[in-house]
Amino acid sequence: MYYFVYSLLYVISLLPFWALYGMSDFCAFLLYRILKYRRNVVLGNLAIAFPEKSSAELEFIAKEFYKRFSDNFIELIKLLSLSEKQIQQRFVCDFNTLNSLYNEGLSVDIILGHSFNWEWANLAYAMQNPFIQLVVYAHVNNRTLERLMLKIRARFGTKLIDTYRFKEQFKPYATQQKAFILVADQSPRFVDNAFWLDFFGKKSAFAKGPDTNARLANNAVIFCHIQRVKRGFYRTELIVLTKAARELSRGDITKKTAAFIEHIIRHDPPNYLWSHRRWKHSYNETKHKKNLID
Numbered sequence: 001m002y003y004f005v006y007s008l009l010y011v012i013s014l015l016p017f018w019a020l021y022g023m024s025d026f027c028a029f030l031l032y033r034i035l036k037y038r039r040n041v042v043l044g045n046l047a048i049a050f051p052e053k054s055s056a057e058l059e060f061i062a063k064e065f066y067k068r069f070s071d072n073f074i075e076l077i078k079l080l081s082l083s084e085k086q087i088q089q090r091f092v093c094d095f096n097t098l099n100s101l102y103n104e105g106l107s108v109d110i111i112l113g114h115s116f117n118w119e120w121a122n123l124a125y126a127m128q129n130p131f132i133q134l135v136v137y138a139h140v141n142n143r144t145l146e147r148l149m150l151k152i153r154a155r156f157g158t159k160l161i162d163t164y165r166f167k168e169q170f171k172p173y174a175t176q177q178k179a180f181i182l183v184a185d186q187s188p189r190f191v192d193n194a195f196w197l198d199f200f201g202k203k204s205a206f207a208k209g210p211d212t213n214a215r216l217a218n219n220a221v222i223f224c225h226i227q228r229v230k231r232g233f234y235r236t237e238l239i240v241l242t243k244a245a246r247e248l249s250r251g252d253i254t255k256k257t258a259a260f261i262e263h264i265i266r267h268d269p270p271n272y273l274w275s276h277r278r279w280k281h282s283y284n285e286t287k288h289k290k291n292l293i294d
């Protein structure tokens, strides 16, 4: 099954961008108007994030989100055949910041949210990253999809670490200079052990891992802002939060991460993954107050 799916998607990836984006437009219409894929989740999330906006404004953002969501899927397929030169032309990276930190002998945690197109960011940075580039990911149960995603994400040398096998798979890189790429806005698995803080004015759960691990290793911490220039073209800005994470207090990295992600979402609302249930967990004063970050 894997070879059939891979071969089919590879052939599709060879189509020119104009044809692929035509397919994307149809998929966006299908998802939003016909299938109504997670439409209530998307509109519900937008209503929480932007209570000041009218229904018409929220609908406009939602429609644009579905276009970019479909583009993200098509652009992911395109990565099967897109050349290094094409990626570099379409995705501008900030290597000056990374080179400077590498020359200082530091390891870094690169933190970002689910802004489109985070999959392109992984490959674009892997091509010229002076660090060993590590990406922590959550595996999927479908073996064909899992194998396909691993092939795409590791295409230019990224080392992939399954979050469920972190200690085992991280061990070979423990003493080396490395850059962790961490998508840090997922709703955490263990909500009772998560940090809680305001995100768009609503108490929200964030995983402790990025904060705790960065301070244990005393890594530099960088925020990655992915900006969509136009369809199929992106650029990134890296913002150094600290060169020594131990200088920050417990929860500080998470608090600043939430503020950073909220800022970039407000800058371009449709460019964020609104289809995941970011606020599915509710704050409980009795259970969660000990992990509340003011």
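Under this note's numbering, the first residue of the sequence shown carries the number 1, and numbering increases by one thereafter.
Positions of the beta carbon are idealized from the N, C-alpha and C atoms, including for glycine.
- Separation of V42 and Q89 (C-alpha to C-alpha, rounded to the nearest whole angstrom) is 32 Å.
- Counting the other Cβ atoms within 10 Å of the Cβ of H267 gives fewer than 16, which makes it exposed.
- By alpha-carbon distance to S100, the top candidate from L248, R250, A179 is A179.
- For Y37, same chain residues with a beta-carbon under 6 Å away, outside a window of 5 residues either side, are L31 in chain order.
- Annotated as distal: I74 and S115, with beta-carbon spacing of 8 Å or more.
- In the same chain as F170, and ignoring 5 residues on each side of it, the C-beta atoms closer than 7 Å to its own belong to I161, in chain order.
- For N213, the closest C-alpha among the options F206, A259, D109 is that of D109.
- Under the criterion of beta carbons closer than 8 Å, R153 and N122 qualify as touching, at roughly 6 Å.
- Closest by C-alpha distance to A207, out of I77, G113, N72, N40, is G113.
- In chain order, I61, E64, F65, R68 place their CB closer than 7 Å to the CB of P270, counting only its own chain and leaving out the 5 sequence neighbours on each side.
- Each residue's CA atom was taken as its position, placing G232 and G209 some 32 Å apart.
- Ranked by Cα distance from F199, the first of K290, I264, L182 is I264.
- In this structure A126 is in contact with T158, their Cβ atoms being roughly 5 Å apart against a cut-off of 8 Å.
- The region 2–15 and the region 75–86 touch, with three or more beta-carbon pairs separated by less than 8 Å.
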